[in-house]
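If you're matching them up, the sequences are chains A and B in order. Per the working numbering, the first sequence starts with residue 1, numbered consecutively. Per the working numbering, the second sequence starts with residue 1001, numbered consecutively. We put the beta carbon where it would ideally sit given N, CA and C, even for glycine. What follows is a short report on a single structure.
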Amino acid sequence: MSTIETRTATGADEAAVRKAIASTARPPRPTAASAALTFAWRGMLKVKHVPEQLLDVTITPVMFVLMFTYLFGGAIAGSTGAYLDYILPGILVMSVLFTTVYSGVALNTDLTKGVVDRFRSLPIWRAAPLLGSLLGDTVRYVLGGTVIIVLGVVLGYRPGAGVPGVLAALALVVVFAFGLSWVFTTLGLLLRSPNAVMNAGFMGIFPLTFLSSVFVDPDTLPNGLEDFVNANPISILASASRGLMEGNPDMGDILIVLGTAAAIAAVFMPITTRLYRRG
Amino acid sequence: MTPLAIEATGLVKAFGETRAVDGVDLAVPSGSVYGVLGPNGAGKTTTIRMLATLIRPDAGSARVLGHDIVSEPDAVRGVVSLTGQLASVDEDLTGRENLILIGRLLGLRRAAAKERAAELLEAFGLAEAATRLVKNYSGGMRRRLDIAASIVVTPQLMFLDEPTTGLDPRSRNQVWDIIRMLVAGGTTILLCTQYLEEADQLAEGIAVIDHGKVIAEGTPGQLKASVGSGALHVRLLDPGQRPEAEQVLARELGTVHLEPDPAALSVQCADGDRGAEAVAALTRAGVRIADFSLGQPSLDEVFLALTGHTAEPDVEEQEAAA
């Protein structure tokens, strides 16, 4: 057999492989929480190794802040400063919600590679890969949101409620995003390619963001549209964030936002888990 | 009698109208490599995916190391590991991170997972590439990492789906060596392959599968015997000498097959000595030879002998794997 020589020259070292094979006892299975946190860790490693993906979703909102504030700000709100106060919490919402689409894209990418097969053949809590990945994604949401807030401050935005208000708003947006991201993981499991998930995701989230109070005060809209915009959860999230950042939080809005997030998660979490299990 | 590691009866899985697996029975003894041999689309991957509890069979049943794949999937997952046809590693992480990830998911503590990752990277010749992203690995490195990930905790049974498809010969030999060492260490391996040579090199028993059914079973020797033999392939320096070569080979070995290549011919030949004599006879006759080989029957020849049709590629398996 000529393979003996090639082995020592290039690849696996025989003695080391034998030792590696022999040396493991099976540890007790990880707890559900530990498995989920391991997947969250994986998500954060990806932020480190593939930062482009975070950039992709951050650049659009940054451009929107600049464009809307300086191009339309004066026309819409009388001055760019006044409009920045209005739009910044809205863009925070937009920025974080756009990032949720990528949770579905990432899951679909995993499926098209073989790595999901390995996860599914491990003796772990079956929802751990999904829950953990989304927990890891919340780090992404926080980063994306922070970029927008820092940009706002640089441009002269001074939130009335200061740092605590901003943190509360960011937390609310991230919690809502966590709920919403289950919609996109469901899409991620149903559609055939990462691109299809991206297109379908933005086809939904883009118009919903524009038909909300993110950019303009709904009072200025024609009646039918105004009703729609007022009922849009993204509007409620935007005004709740605005309230928190300005220092006049509306508990009603906040509760609606949290309730909506919980409802979305309650419907789509089981669907996602079921689809993932089926493979 | 060794206990059976896998005992499958009448496994069926259909995707729409296509019965990808159509009543597969398998009896895989513990402690050896068992080969499942077949062309693309024969149902190999689907069979493995059922046994590894990734998909549920539509009919039939199977026990893996004593655990039922439908009613006790978690128990099965606790004792097997899977190396899929697509390398089942995360391209966006480094090799080291991949192994730590799997170690943590198997329940190792952080320090133990790191230590184990380092040990495996060293053993599989990946220590230098440990901190590189897997997307920059070569096919052979990726495969080795994949197998390393499968033995972070040494499994009792390992599913290997076409572990050397697409690898260069050197990487293929490395993977074969690793498989041999795993078996020597006591792991049972179910190996899916399209290559008779691979099954012949590694497996003690082989099931040949076609259109979702097992069409033959036995040791590599028995299978090859059922096909008849291997063949002597000769390529001449001068295509003009082919009639002469044909005469000599026909006299030495029997019916000669003229290849599409005008300088090439082949003839059935099971016996190395007689093959060598035939080559010597060619040289004595003044026929100049560019190269010659005494090969085992190919999968195509096995299939031709067993089924009457060649191992044509099919689209079903790709769909099933997707």
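Interface residues of chain A facing residue i [CB-CB closer than 7 angstroms]
i, result
"Asp1092 (chain B)", "Lys46, His49, Val50"
"Gly1078 (chain B)", "Pro123"
"Ala1052 (chain B)", "Ser121"
"Asp1074 (chain B)", "Pro123"
"Glu1097 (chain B)", "Leu45"
Status (buried if at least 16 other CB within 10 Å, exposed otherwise) for residue i
i, result
"Ile4 (chain A)", "Residue placement at Ile4 (chain A) cannot be trusted, given a pLDDT of 43 that sits under 50; the coordinates are not used to answer."
"Ser2 (chain A)", "Because the pLDDT of Ser2 (chain A) is 42, which lies under 50, any placement of that residue in the model is unreliable, and the question is left without a value."
"Gln1318 (chain B)", "Legend: pLDDT at Gln1318 (chain B) = 44, less than 50; position of this residue unreliable, no value from coordinates given."
"Arg7 (chain A)", "Its pLDDT being 43, under 50, Arg7 (chain A) is placed unreliably in this model, and the coordinates cannot settle the point."
"Asn1173 (chain B)", "buried"
"Pro1313 (chain B)", "With a pLDDT of 49 at Pro1313 (chain B), under the threshold of 50, the predicted position of this residue should be treated as unreliable, though the coordinate-derived value follows. Exposed: under 16 other Cβ atoms inside 10 Å."
"Asp1092 (chain B)", "buried"
"Phe268 (chain A)", "buried"
"Leu1196 (chain B)", "buried"
"Ala1123 (chain B)", "buried"
"His1257 (chain B)", "exposed"
"Gln1201 (chain B)", "buried"
"Thr1283 (chain B)", "exposed"
"Ile21 (chain A)", "buried"
"Ser181 (chain A)", "buried"
"Ser95 (chain A)", "buried"
"Asp85 (chain A)", "buried"
"Phe39 (chain A)", "buried"
"Thr1255 (chain B)", "exposed"
Closer than 7 angstroms at the beta carbon, the chain B residues around residue i
i, result
"Ala35 (chain A)", "Leu1105"
"Ala16 (chain A)", "Glu1122, Ala1123"
"Thr38 (chain A)", "Leu1101, Arg1104, Leu1105"
"Arg242 (chain A)", "Residues of chain B passing the Cβ test: none, with the nearest at roughly 36 angstroms."
Chain-ordered chain A contacts of residue i [CB-CB under 9 angstroms]
i, result
"Val1089 (chain B)", "Lys113, Gly114, Val115, Arg118"
"Ser1081 (chain B)", "Arg118, Ser121, Leu122"
"Ala1149 (chain B)", "Arg118"
"Glu1119 (chain B)", "Ala16, Lys19, Ala20, Ser23"
Interface partners of residue i on chain A, CB under 8 angstroms
i, result
"Leu1037 (chain B)", "Simply none; closest approach about 21 angstroms."
"Leu1133 (chain B)", "His49"
"Leu1086 (chain B)", "Lys113, Gly114, Asp117"
Residue interval of the alpha helix (DSSP H) (run including residue i)
i, result
"Leu1268 (chain B)", "It should be noted that the sequence gives Gln, not Leu, for residue 1268 (chain B). First-last for Gln1268 (chain B): 1264 to 1268, but that is the beta strand (DSSP E), not the alpha helix (DSSP H)."
"Val267 (chain A)", "251 to 278"
"Ala1245 (chain B)", "1242 to 1252"
"Gly1038 (chain B)", "Neither: Gly1038 (chain B) is in no alpha helix (DSSP H) and is coded neither H nor E."
"Arg1180 (chain B)", "1169 to 1184"
"Gly1107 (chain B)", "That residue, Gly1107 (chain B), is in no alpha helix (DSSP H); it is neither H nor E in DSSP."
"Ile234 (chain A)", "233 to 246"
"Tyr141 (chain A)", "128 to 155"
"Phe184 (chain A)", "162 to 190"
"Trp41 (chain A)", "32 to 49"
Range covered by the beta strand (DSSP E) that runs through residue i
i, result
"Phe1015 (chain B)", "1004 to 1015"
"Thr112 (chain A)", "No beta strand (DSSP E) holds Thr112 (chain A); the alpha helix (DSSP H) holding it covers 80 to 112."
"Thr1188 (chain B)", "1188 to 1193"
"Asp1161 (chain B)", "1157 to 1161"
"Pro1029 (chain B)", "1018 to 1029"
"Ala1403 (chain B)", "Past the edges of chain B, shown from 1001 to 1322, lies residue 1403 (chain B), and the structure says nothing about it."
"Phe1292 (chain B)", "1289 to 1295"
"Ala1231 (chain B)", "1231 to 1236"
"Ser212 (chain A)", "Unbroken run through Ser212 (chain A): none, as it is neither H nor E."
"Ser1081 (chain B)", "1080 to 1083"
"Ile1209 (chain B)", "1205 to 1210"
"Leu1258 (chain B)", "1256 to 1258"
"Leu1063 (chain B)", "It should be pointed out that residue 1063 (chain B) corresponds to Arg in this sequence rather than to Leu. Segment 1059 to 1064, the beta strand (DSSP E) holding Arg1063 (chain B)."
Closer than 8 angstroms at the beta carbon, the chain B residues around residue i
i, result
"Glu226 (chain A)", "Ordered by position in chain B, no residue passes the 8 angstroms Cβ test against Glu226 (chain A), which lies about 44 angstroms from the chain."
"Ala32 (chain A)", "In chain order: nothing, as chain B lies at least about 12 angstroms away."
"Thr272 (chain A)", "The contacting residues do not exist; Thr272 (chain A) stays about 17 angstroms from chain B at best."
Residue i beta carbon near the ligand HEM (any heavy atom closer than 6 angstroms)
i, result
"Lys1044 (chain B)", "Absent from the structure shown: the ligand HEM. Ligands present: none."
Chain B residues whose Cβ lies nearer than 9 angstroms to that of residue i
i, result
"Pro28 (chain A)", "Gly1107"
Open item on the list: Taking beta-carbon pairs under 7 angstroms, can you tell me which members of the segment 1162 to 1194 of chain B lie near chain A?
Closed with: Arg1170, Asn1173, Gln1174, Trp1176, Asp1177, Ile1178, Met1181, Leu1182, Gly1185
Task: Three-pair Cβ contact test at 8 angstroms for the segment 135 to 145 of chain A versus the segment 96 to 114 of chain A - done: yes
Task: Three or more C-beta pairs below 8 angstroms linking the segment 44 to 57 of chain A and the segment 1090 to 1105 of chain B - done: yes
- [ ] Taking 8 angstroms as the threshold, find out whether the segment 1208 to 1218 of chain B comes into contact with the segment 1229 to 1239 of chain B through three or more Cβ pairs.
- [x] No contact exists between the segment 1208 to 1218 of chain B and the segment 1229 to 1239 of chain B.
Open item on the list: Whether or not the segment 1229 to 1249 of chain B and the segment 1266 to 1284 of chain B are in contact is what I'm after, with contact meaning three or more pairs of Cβ atoms, one per stretch, closer than 8 angstroms; do they touch?
Closed with: yes
Open item on the list: Please list, in chain order, the residues of the segment 1238 to 1267 of chain B that have any C-beta partner in chain A closer than 9 angstroms.
Closed with: none
- [ ] Report the residues of the segment 138 to 167 of chain A with a CB closer than 7 angstroms to any CB of chain B, ordered along the chain.
- [x] none
- [ ] Kindly confirm or deny that the segment 122 to 134 of chain A and the segment 22 to 33 of chain A touch, where touching means at least three C-beta pairs closer than 8 angstroms.
- [x] yes
TODO: May I ask you to verify whether the segment 1179 to 1187 of chain B touches the segment 1155 to 1162 of chain B, counting CB pairs closer than 8 angstroms and requiring at least 3?
DONE: yes
- [ ] Pair every Cβ in the segment 232 to 246 of chain A with every Cβ in the segment 163 to 177 of chain A, then say whether three or more of these pairs are closer than 8 angstroms.
- [x] yes
Task: Cβ contact (3+ pairs, closer than 8 angstroms) linking the segment 176 to 191 of chain A and the segment 61 to 76 of chain A - done: no
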